[in-house]
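>
There are 4 protein chains.
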Amino acid sequence: MPRTAEQFEQLKGERRQALLGVARRVFARKGLAATKIGEIATEMGISYGLVYHYFPHKETLFAAAIEDALQAWETFFADVQRTPGTPWERLETVCTRMIQSVHEAPETLLLIVRALTEDEAPRAVRDALARYKRQCHEQVAGLIAEGQRTGDVASGAPMDIARAMMALIQGLAISRALDEHAPPLPIEVLLRLVRAPPAAGTRRRDPASRHRLART
Amino acid sequence: MPRTAEQFEQLKGERRQALLGVARRVFARKGLAATKIGEIATEMGISYGLVYHYFPHKETLFAAAIEDALQAWETFFADVQRTPGTPWERLETVCTRMIQSVHEAPETLLLIVRALTEDEAPRAVRDALARYKRQCHEQVAGLIAEGQRTGDVASGAPMDIARAMMALIQGLAISRALDEHAPPLPIEVLLRLVRAPPAAGTRRRDPASRHRLART
Amino acid sequence: MPRTAEQFEQLKGERRQALLGVARRVFARKGLAATKIGEIATEMGISYGLVYHYFPHKETLFAAAIEDALQAWETFFADVQRTPGTPWERLETVCTRMIQSVHEAPETLLLIVRALTEDEAPRAVRDALARYKRQCHEQVAGLIAEGQRTGDVASGAPMDIARAMMALIQGLAISRALDEHAPPLPIEVLLRLVRAPPAAGTRRRDPASRHRLART
Amino acid sequence: MPRTAEQFEQLKGERRQALLGVARRVFARKGLAATKIGEIATEMGISYGLVYHYFPHKETLFAAAIEDALQAWETFFADVQRTPGTPWERLETVCTRMIQSVHEAPETLLLIVRALTEDEAPRAVRDALARYKRQCHEQVAGLIAEGQRTGDVASGAPMDIARAMMALIQGLAISRALDEHAPPLPIEVLLRLVRAPPAAGTRRRDPASRHRLART
DNA sequence: TATGAATGAGCATTCATTCAT
DNA sequence: CATGAATGAATGCTCATTCAT
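Note that the protein sequences, when read in sequence, are chains A, B, C and D. Going by UniProt numbering, the residue at position 116 of the first sequence is 116; the numbering climbs one at a time, nothing skipped. Going by UniProt numbering, the residue at position 4 of the second sequence is 4; the numbering climbs one at a time, nothing skipped. Going by UniProt numbering, the residue at position 72 of the third sequence is 72; the numbering climbs one at a time, nothing skipped. Going by UniProt numbering, the residue at position 10 of the fourth sequence is 10; the numbering climbs one at a time, nothing skipped.
1) Using 8 Å as the Cβ pair cut-off and three pairs as the minimum, do the region 37-50 of chain B and the region 92-108 of chain B touch?
2) Output, in sequence order along the chain, the residues in the region 72-94 of chain A whose CB is closer than 7 Å to any CB in chain B.
3) Suppose contacts are defined by Cβ-Cβ distances below 8 Å. Is Ala69 of chain B in contact with Ala34 of chain A by that definition?
4) Evaluate contact between the region 134-151 of chain B and the region 75-90 of chain B, counting only Cβ atoms and requiring at least three cross-stretch pairs below 8 Å.
5) Name the residue from D:Glu74, D:Gly21, D:Ala124, D:Gln170 whose alpha carbon lies nearest to the alpha carbon of Glu59 of chain D.
6) Does the beta carbon of Arg192 of chain B come closer than 8 Å to any beta carbon on chain A?
7) Apart from the five residues on each side of it in sequence, which residues of its chain come closer than 7 Å, Cβ to Cβ, to residue 218 of chain B?
8) Compare the Cα-Cα distances from Val140 of chain D to each of D:Gly13, D:Ala65, D:Arg25, D:Phe76 and report the closest residue.
9) Determine the burial state of Glu118 of chain C: buried for a count of at least 16 other Cβ atoms within 10 Å of its Cβ, exposed for fewer.
10) Does the beta-carbon distance from Gly171 of chain C to Ala154 of chain D come in below 8 Å?
11) Under 7 Å between beta-carbons, which chain B residues line up against Glu14 of chain A? List them in chain order, please.
12) Bridge partners of Arg195 of chain D, per DSSP?
13) Please report the Cβ distance between Ala64 of chain C and Leu20 of chain C, rounded to the nearest whole angstrom; I am assuming they are in contact, meaning their Cβ atoms lie under 8 Å.
14) Roughly how many whole angstroms lie between the Cα atoms of Arg131 of chain C and Glu67 of chain C?
15) Scan the region 144-178 of chain D for residues whose Cβ lies nearer than 8 Å to a Cβ of chain C and list them as they occur along the chain.
16) Quick one, which of D:Thr150, D:Ala128, D:Gly38, D:Pro184 has its alpha-carbon nearest Trp73 of chain D's?
17) Which of the residues in the region 30-45 of chain A, read from start to end, lie with their CB under 7 Å from any CB of chain B?
18) So, with DSSP's three-state summary, where would you put Gly45 of chain D?
19) Residues of chain A with CB closer than 8 Å to the CB of Thr60 of chain B, please, in chain order.
20) For a contact meaning CB atoms closer than 8 Å, what does Thr117 of chain D contact in chain C?
21) Taking just the CA atoms, how far does Glu92 of chain C sit from Asp206 of chain C?
22) Can you find a C-beta in chain D that's less than 8 Å from the C-beta of Glu188 of chain C?
23) So, is the C-beta of Pro106 of chain C closer than 8 Å to a C-beta in chain D?
24) With a threshold of 7 Å on Cβ separation, who are the neighbours of Pro122 of chain B within its own chain once the five nearest residues in sequence on each side are excluded?
25) Could you tell me the distance, in whole angstroms, from the CA atom of Leu110 of chain B to the CA atom of Thr150 of chain A?
26) Taking Cβ positions only, does Leu185 of chain A come closer than 8 Å to chain B?
27) Can you name, in chain order, every residue of its own chain whose Cβ lies under 7 Å from the Cβ of Val26 of chain C, other than the five neighbours on each side?
28) Taking buried to mean at least 16 other C-beta atoms within 10 Å of its own C-beta, is Lys30 of chain B buried or exposed?
29) State the CB to CB distance for the pair Leu185 of chain A and Ile112 of chain A, rounded to an integer number of angstroms; the pair is presumed to be in contact (CB under 8 Å).
30) Indicate whether Val189 of chain C and Asp160 of chain D have their beta-carbon atoms separated by less than 8 Å.
31) Have a look at Leu178 of chain B and Val51 of chain B and give me their C-alpha separation to the nearest angstrom.
32) For Thr117 of chain B, which three-state DSSP category applies?
33) Assuming Glu107 of chain A contacts Ala28 of chain A under a Cβ cut-off of 8 Å, what Cβ separation, rounded to an integer in Å, is found between them?
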């Protein structure tokens, strides 16, 4: 009965995913040490014993939830990579979507912050986080550098600006996670970190319409 | 022997302060739940039993460490309040000192982040944090509003800009706390969140303060 | 379909026996408390749930495995009982077969040792073990007493000698179970516990059976 | 206050020893897996938590109890080594004391048997046991070989005879541990494993040492 | 004060057992 | 019959807290 077996497998996979989702939320809210497996189980509507059918240890579940959250961001950046448009347009997209993401699912970033500040994270998690961080910064810094070439982005070390943006986003995620009534930050504020000041004596038109340069 | 008693009192006060400092560091590094009283004691060079002479519970110590950390920020803002100068100058000072603070003592802000994200913080801590947050935002927003009136600060809801600045600072504190080799963020990057774009044909009061993005 | 039902019954019986065999081995190796039902199931090639079709509890399976092992020894002694020959010949046979048994299937005796040393064995097991022990000792003591009457066995309380023999055999089973390279003990060594010293100036009936200690 | 510190240390050492004694008894009775730390604590009259002040894990305590038990036997054999007298006399001493030991403190040997049959013993325990076993066998085999040279011990591979003796002793320990009313085995029965048969027309050095099968 | 032995609530984890499929 | 998901009692272990010295 391959069908049944398949279905079982699929069901198991779905359960696992659902568990990861719940775990992400709970771990984000309370952190690794303060989260009791029973809480996740209860929130999931299963017995605590069953959690161990899917993940052998609390740490494993934590790590898996992290990987899951990081995956979301890696996917996000891969998307950005493929997005067409001028550097400035793409920066706008990145900012818009990051702010949107922070507003709609702050627990994902909060969980990442938890993982970052976890003093005893296992190596695998540590490595994944380092990779994530590098990727974020390099992607954004890359866009910034391009934007500087087209004159849309203010001067300054691209990496510094990228760091600032990511720090801002992480900080926002924390605020948002703590206050569900917090309104989303206007994208314009975030964009100020990158927007080039208008060149003296020049009337800026729609900056988006400038210099549509291909990207390397 | 009033002298001896006094000395005792003073010694106790000093010890208490030292303990708070150690606790701040350890709690910042590991969080409330993951910190063992014994670790703080060891780092302090005393027995774990002695910690209970100064603070009756772990939570009490945590709360005290938080208060201590918040105090530093409240003092900081009170200073700013009293600082003379144009709004822009004061904003510059604020930014400079915040970035300096993040660079030199990131654990203070990290501890505050820990406290903010602590799901089961006691009411006292919660209130203190809310007060701190409100104060930060209001102070900075106030400066921004003033700056907008003088034309030095870009338009936009002052509170949004203040939120962004504080989020950025908190995010930086996290990064810095995790990486002791991270260089300080150039103040200019932070100032971009507030700096008004040059109005065509307008003289700015402090043109010299611009274009300080230098960092190797 | 009586045929099918019969076959089912037979299949079930065979499975049950096979399960007992596996259980005997696993329980002998790890003991009751340390054995997981899943291990037996895995070693048997079935799912752990299926074990419960044959035995309702782990303890039941353990008890059944013990009974099975004891049965083997009771059969052995019943055989001895029926074996013709002089007492001495039968003693030789007993020793030979016990040593052979220990060498070839030490897990049977090891399981019995496990059962003996099980602090919380159920009454049924306890009784069966007591019966087994009594039977062993009485059978061997009986043979020894007969042998003493024919002058082939050294003097001494038959029960003491029987105890010593059985202790030696159990001890050997332990060694053997732990070391699959251990050679079998020369029967002659075991026989020394019973062999009568040569009476001065007397011809023994079976001098050939002596002095067979050779093993390099 | 060096005195106090010393006393503390000593007290701690004594407690540790007492705990080892209790652990030896309980582990011998129930085995590693079936023993609950709480049982040992209760039998010791302390809380289960306190056990962990002396030994970090159940396995560690088990291992320490084993080492302790093995130590006793190593001391025993070291004694034998230094004992003066003919090989035969020393063999008699060994047998007497082993039987006495089995009778008075069977739990020591039973614990060793538990350790031997423990499937998942840590390496340290495994090594200690192997050392113990080798030492036992070599010591006894050495005495036997000497005895054979003086003509007091029957011929045969000394190692086989030693194995038989140790197996017998271990088997006895099990019986004795299970039945506190079991009488000690007459030493003469054990000695039969080694005693040389009287050579026709020869005077033995120590005729008096024979025929001591009496048991009260 | 200062120490660390002592206690026990609390939580992670295991695993026998049940039962829907 | 077979499977393995599901449950929860049981137990190892941790650590905040107390307290005798």
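Beta carbons: idealized from backbone N, C-alpha and C, even for Gly.
So, from the data block:
1) no
2) none
3) no
4) yes
5) D:Ala124
6) yes
7) Absent from the structure is residue 218 of chain B, since the part of chain B shown begins at 1 and ends at 216.
8) D:Phe76
9) buried
10) no
11) Correct list: empty, because the minimum Cβ distance to chain B is about 28 Å.
12) D:Val153
13) 6 Å
14) 11 Å
15) Ala154, Ser155, Gly156, Ala157, Asp160, Ile161, Arg163, Ala164, Met166, Ala167, Leu168, Ile169, Gln170, Gly171, Leu172, Ile174, Ser175, Ala177, Leu178
16) D:Ala128
17) Lys30, Gly31, Ala33, Ala34
18) coil
19) Near Thr60 of chain B there are no residues of chain A at all, since even the closest Cβ is about 17 Å away, more than 8 Å.
20) Gly31, Leu110, Val113, Arg114, Ile174, Ala177, Leu178
21) For Asp206 of chain C, the predicted model reports a pLDDT of 47, less than 50, meaning its position is unreliable; a value from the coordinates is still stated below. The alpha-carbon atoms of Asp206 of chain C and Glu92 of chain C are separated by roughly 12 Å.
22) yes
23) no
24) Glu59, Ala63
25) 38 Å
26) yes
27) Thr35, Glu39, Ile40, Glu43
28) buried
29) 18 Å between Cβ atoms; not a contact.
30) yes
31) 27 Å
32) coil
33) 4 Å
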